[in-house]
Amino acid sequence: MKCIVHLDIFEGPLDLLLFLIEKNEIEILNIPIAEVTEQYLRYIKLMENLDLHIASEYFMMAAKLLYIKSLMLIPRKSIDGEIELEGDPRESLVRQLLEYKKYKEMAIRLSDILEEEANYISRQESNKRSDVPVDTEEVELYSLVKAFRELMKRAQAPEPSMDVFIDESRILEETELILKLITSETPMSLERLMRYYIHRDEFTVWKVIIIFISLLYLMRDKKIIVFQDSPYGRIMVRVRDGE
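Using the working numbering, the letters of the sequence shown map in sequence onto residues 206 to 448.
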């Protein structure tokens with residue numbers, strides 16, 4: 206019986222493509238599609254030979270690369286010279302890669318910011334509950350979104366504008382982990398929660414999105430309370446009584 210190993214070396218096909226492009230010092234705006242496609246397929250084949258689990262999205266990207274490659278082989282003009290193909294077949298892929306690279310760099314900057322903040326914290330987190338809790342869920346939600354935007358602003362990155370499709374099972378897994386990390390007796394700051402993922406080398410832009418969505422789920426289900434330890438202070442999270 207073969208042993209199947211699930212190894213998340215890359216976050217997805219775009220991450221693998223970006224790795225190949227940077228490794229070969231290729232200009233994203235002028236991708237040699239035949240060369241990149243060959244290397245991409247070779248890597249997929251290697252993963253298959255090692256019996257590594259491969260998500261379907263990797264194969265979908267392989268099909269897309271082969272399609273783009275076939276379009277690149279079509280003459281720019283028809284035989285009679287009257288019809289000319291419009292646009293660059295690589296345009297959509299290039300746009301996706303540039304967008305992905307931007308948000309990946311944003312995640313790195315966010316990680317650096319939280320690491321710097323950790324160095325300035327000289328006192329331990331208070332074991333006492335805040336005397337200034339936020340009373341309504343609407344204000345809790347506002348505070349959480351505001352904190353997220355502040356992190357984006359300090360990272361000098363635009364707010365995410367891509368359509369993100371996340372499996373709900375991943376959200377449920379994350380909510381369970383967050384509940385294990387925090388307790389009602391010891392509130393946890395948002396920064397400290399983020400640092401947990403940094404230390405596990407799991408801090409990516411996608412993970413940040415999943416964390417915030419998970420927090421919103423927990424707030425909706427009234428399983429956690431989000432408050433500030435002082436007016437205009439840090440965002441704190443704790444489990445509601447009875448959870």
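Cβ atoms here follow ideal geometry from the backbone N, Cα and C, with glycine treated the same way.
Run of the beta strand (DSSP E) containing residue i, from where it starts to where it stops
i	result
residue 429	429-433
First and last residue of the uninterrupted alpha helix (DSSP H) at residue i
i	result
residue 375	373-386
residue 220	218-228
residue 268	261-278
For residue i, the residue or residues it bridges with in DSSP
i	result
residue 442	393 and 431
Where residue i sits in the DSSP three-state scheme
i	result
residue 236	coil
residue 231	coil
residue 314	helix
residue 295	coil
residue 215	coil
Among the options, nearest to residue i - alpha-carbon criterion
i	options	result
residue 277	391, 301 and 237	237
residue 293	377, 388, 249 and 274	274
residue 221	230, 249 and 373	249
residue 269	251, 252, 298 and 307	298
residue 446	418, 402, 392 and 377	392
residue 265	433, 219 and 233	219
residue 394	267, 433 and 418	433
residue 380	427, 400 and 396	427
residue 396	279, 271, 303 and 441	441
residue 216	418, 425, 230 and 306	306
residue 385	423, 246 and 240	423
residue 240	296, 444, 271 and 279	271
residue 420	383, 401, 400 and 439	383
residue 418	245, 402 and 376	376
**At least three beta-carbon pairs within less than 8 Å, the segment 226-235 to the segment 247-266** = By the Cβ rule, the segment 226-235 does not count as touching the segment 247-266, because fewer than three pairs are nearer than 8 Å.
**Request:** Would you be able to state if there are at least three C-beta pairs under 8 Å between the segment 299-314 and the segment 409-425?
**Result:** In the pairwise beta carbon analysis, the segment 409-425 is classified as touching the segment 299-314: at least three pairs are separated by under 8 Å.
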